[in-house]
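Residue numbers (the numbering used here): -5 to 713.
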């Protein structure tokens, strides 16, 4: 062993040192350990002449191959907003206003398409954000003939999903190659390249030591970050299926490692596949694993002169990151939209590329619902150097379907509701849209609206019609006095003005047929039935940062209604209301929230059916749903959201502990208003099915209530 090390050391210090290649394996977040291994090699002046990677090993290896130092790769991964990277959609602030409405009202993350039949997306995440990250890394090298021309020659491995074959990628688009090696089936969509359908290379070759050997490496170092979980609960179907995949990958990995001369296996048992936010800790484990094998690795250390020569050769092949595009062109989008995108991006021409703003603008384009992802590369047109935007339209729609699930115990029993929205784009005109909603459960019915743009894309006209009925309980304080069936059939039309993202103003008129019948209870209670005619002005501003559980921003709804005719109304009357919710961040994850609602009646006296209501979650939580009714309303609440953690990325988002204090009253006359108070606390969880809200609350009358709701957290502010 000593003689071998001395021989290796002598060779390394001489002019005929062995060429060294490193194979970086896949392992999801555990693959960040590769960064620490590369850091150790660089600190100890051990050269890497070839690099190949699979999956996360491909991302780390590809970044290193472009000339980034391991420290720069570590800083890049530390700076990544992992919440955004795995969001699976455009961030809420960058969505168009109508897509914000869809996301708030139909919060289930799954979106289906009806293009050529009912279809699901090819991945839970469209890979837009990771595509932007990879585009940024690979941008200077977009026009290279092959990956041997990179500062460090590079290969990555993908799997041909149709032929069940390993595909070694060494030329073409570097961004596309990295997307292919990371395309975990079911998580990210496969990549179409040269007639092949490519997914994660870890399925067939998780540690590509043989690929590094074929590149010409005389010494192959392999880093294996995959692991089989010992002691896993295999009685769980989900765990058993996951473990089965790990076992298959591990079997292939053992064979692949036969081509390696030295294998580094970081101890990553303390980390899971989704621990992306612990990047520094994981990289440190990789560093420690290399240090543990220092005795073998040090044999290939270069002296200072040879190391300086190696670094200079690598730097000489590095290309500058700075780009001042002379043009922007778009491919992959329908011709109707490609020219519009180019016009929208023309502010980036002729100036140094501002990468964060560029990414934000490309992401905003996905917020229109038309595009699955957009990535970019450098391109050349004559002597001009510019940017090529590669747009990928959604293959499964339009039309699209979104869903909501509502479960609540608020009516002294468990209520269930399921709803769906069908959105058809460009119906009759580019920018025109049909939306059809349907509900089944405690609320039954359907509604449709056709939004037709006028005078450009900001003005619109929107005819609409709907029919809904629901069963509700009527309370007087805590006493249940009746069970009702309410029915409403409406036809109407709105004209309006909308900004692209934050606000909408509508003026509208409708005719309605209204009926509220007592099913159980005193038949002498009001049972309004008849014709309703109403004019309305409605303004909404939405500047919050998330649809489900915001942590910053303001949302305001202001509405004024005038009822010329209504059941049991003696003369016309009006109502005005304002709803406000504001979130103020405290630190990185926590926030204070303020809720406010006010309503006023004017003109004639509104009938019972048109009273304002209080009671229930986020509406005096210690009291029964709609326990209090009156012509006027005042309500306010202050609360705190304390971040406890988050669900796995595919299952949802943050988990918060919350507490709030509420005060409010509904009344006919301001002089007789009686204010009630409520305080409580519980959990708020952003799940893939919508917000889960569980709270225990006590009120000024000594009441103690427990509410559990799924799917309707902040939508209650709009009741």
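Glycine included, C-beta positions come from ideal geometry on N, C-alpha and C. Just so it is clear, the structure is predicted and the values come from calculations on it, not from any experiment.
Local conformation of residue i per DSSP, three classes
{"i": "residue 122", "result": "helix"}
{"i": "residue 96", "result": "helix"}
{"i": "residue 424", "result": "coil"}
{"i": "residue 195", "result": "helix"}
{"i": "residue 50", "result": "helix"}
{"i": "residue 367", "result": "strand"}
{"i": "residue 63", "result": "coil"}
{"i": "residue 609", "result": "coil"}
{"i": "residue 669", "result": "coil"}
{"i": "residue 695", "result": "coil"}
{"i": "residue 56", "result": "helix"}
{"i": "residue 30", "result": "helix"}
{"i": "residue 274", "result": "helix"}
{"i": "residue 705", "result": "coil"}
{"i": "residue 267", "result": "coil"}
{"i": "residue 320", "result": "coil"}
{"i": "residue 209", "result": "helix"}
{"i": "residue 294", "result": "helix"}
{"i": "residue 149", "result": "strand"}
{"i": "residue 310", "result": "helix"}
{"i": "residue 203", "result": "helix"}
{"i": "residue 230", "result": "Only weak support is given to the placement of residue 230: the predicted model assigns it a pLDDT of 49, under 50, and the question is left unresolved by the model."}
Outcome for residue i when other beta-carbon atoms lying within 10 angstroms are tallied against a minimum of 16
{"i": "residue 526", "result": "buried"}
{"i": "residue 195", "result": "buried"}
{"i": "residue 513", "result": "exposed"}
{"i": "residue 232", "result": "With a pLDDT of 44 at residue 232, under the threshold of 50, the modelled position of that residue is not reliable, and no figure is offered here."}
{"i": "residue 705", "result": "buried"}
{"i": "residue 699", "result": "buried"}
{"i": "residue 333", "result": "exposed"}
{"i": "residue 261", "result": "exposed"}
{"i": "residue 159", "result": "exposed"}
{"i": "residue 129", "result": "buried"}
{"i": "residue 703", "result": "buried"}
{"i": "residue 750", "result": "There is simply no residue 750 to check, as the chain begins at -5 and stops at 713 in what is shown."}
{"i": "residue 578", "result": "exposed"}
Identity of the residues DSSP links to residue i by a beta bridge
{"i": "residue 171", "result": "Per DSSP, none; premise fails for residue 171."}
{"i": "residue 220", "result": "The partner list for residue 220 (beta bridge, DSSP) is empty, contrary to what the question assumes."}
{"i": "residue 504", "result": "486 and 528"}
{"i": "residue 464", "result": "437 and 480"}
{"i": "residue 373", "result": "380"}
{"i": "residue 258", "result": "217"}
{"i": "residue 511", "result": "479"}
{"i": "residue 352", "result": "Looking at the DSSP assignment, residue 352 forms no beta bridge with any residue, so it has no partner."}
{"i": "residue 399", "result": "412"}
{"i": "residue 445", "result": "427"}
{"i": "residue 556", "result": "529 and 568"}
{"i": "residue 656", "result": "631 and 672"}
{"i": "residue 549", "result": "536 and 575"}
{"i": "residue 523", "result": "509"}
Pick from the options that is closest to residue i, judged by C-alpha positions
{"i": "residue 439", "options": "58, 450 and 411", "result": "411"}
{"i": "residue 251", "options": "199, 21, 678 and 587", "result": "199"}
{"i": "residue 582", "options": "544, 428, 568 and 613", "result": "544"}
{"i": "residue 164", "options": "153, 145, 186 and 141", "result": "141"}
{"i": "residue 85", "options": "409, 103 and 69", "result": "103"}
{"i": "residue 441", "options": "674, 125, 414 and 288", "result": "414"}
{"i": "residue 655", "options": "662, 681 and 615", "result": "615"}
{"i": "residue 701", "options": "280, 346, 619 and 262", "result": "619"}
{"i": "residue 312", "options": "16, 590, 395 and 58", "result": "58"}
{"i": "residue 167", "options": "135, 154 and 189", "result": "135"}
{"i": "residue 510", "options": "521, 319, 500 and 340", "result": "521"}
{"i": "residue 279", "options": "25, 301 and 79", "result": "25"}
{"i": "residue 629", "options": "667, 597 and 188", "result": "667"}
{"i": "residue 133", "options": "402, 559 and 371", "result": "371"}
Cβ separation of residue i and residue j, assumed to be a contact under 8 angstroms, to the nearest whole Å
{"i": "residue 506", "j": "residue 484", "result": "4 angstroms"}
{"i": "residue 50", "j": "residue 73", "result": "Not a contact, Cβ separation roughly 17 angstroms."}
{"i": "residue 326", "j": "residue 384", "result": "5 angstroms"}
{"i": "residue 119", "j": "residue 82", "result": "4 angstroms"}
{"i": "residue 718", "j": "residue 561", "result": "Here the chain has residues from -5 to 713 only, and residue 718 is not among them."}
{"i": "residue 45", "j": "residue 146", "result": "5 angstroms"}
{"i": "residue 114", "j": "residue 108", "result": "Not quite, the Cβ-Cβ distance comes to about 11 angstroms (not below 8 angstroms), so this is no contact."}
{"i": "residue 155", "j": "residue 184", "result": "6 angstroms"}
{"i": "residue 394", "j": "residue 417", "result": "5 angstroms"}
beta-carbon residue i near the ligand GDP non-hydrogen atom, thresh 7 angstroms
{"i": "residue 88", "result": "Among the components modelled here there is no ligand, and therefore nothing to report on the ligand GDP."}
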